[in-house]
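Asks:
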Amino acid sequence: MALVTGWTRSFFLILGERIQVPAWVLEAIRFAPLAAMIAILAPEIFLPATATSVTEFNLRLPNIWGGIAAIIAFYLTKKMLSTLIIGMAVYTAARFLL
């Protein structure tokens, strides 16, 4: 596994300028971190911890309201601290109210 990981991570260093990557591939790679974050966070926000299917979606989950509040807070303020505080405050309030 170490060899495979090392080889795939050093692929562009080993081959250097001998292989030209198409512009559309470079453009697609720009969105990989965003797609990975969405794939990791979406189930955590929108489904209960014990969910085995998407059909277990429930609007009474405090995760949803805290996550939405955090997304809006970050969009408006662009500051991580306010995002954390607002998201956790809404999550805590939703936990007690729902």
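Read in order, the letters of the sequence shown are residues -11 to 86 in our numbering.
We put the beta carbon where it would ideally sit given N, CA and C, even for glycine.
1) Check this for me: beta carbons of residue 59 and residue 34, under 8 Å apart or not?
2) Just curious, the alpha helix (DSSP H) that residue 10 is in, first and last residue?
3) Between residue 79 and residue 50, how many whole angstroms is the CB-CB distance? I'm expecting something under 8 Å.
4) DSSP state of residue 51, grouped into three classes?
5) For residue 48, I'd like the list of residues in its chain whose CB is within less than 6 Å of its CB, leaving aside the five on either flank, ordered along the chain.
Replies: Let's see:
1) With respect to residue 34, residue 59 sits apart: the two C-beta atoms are not nearer than 8 Å.
2) Run containing residue 10: none; DSSP gives neither H nor E here.
3) 5 Å
4) helix
5) 86
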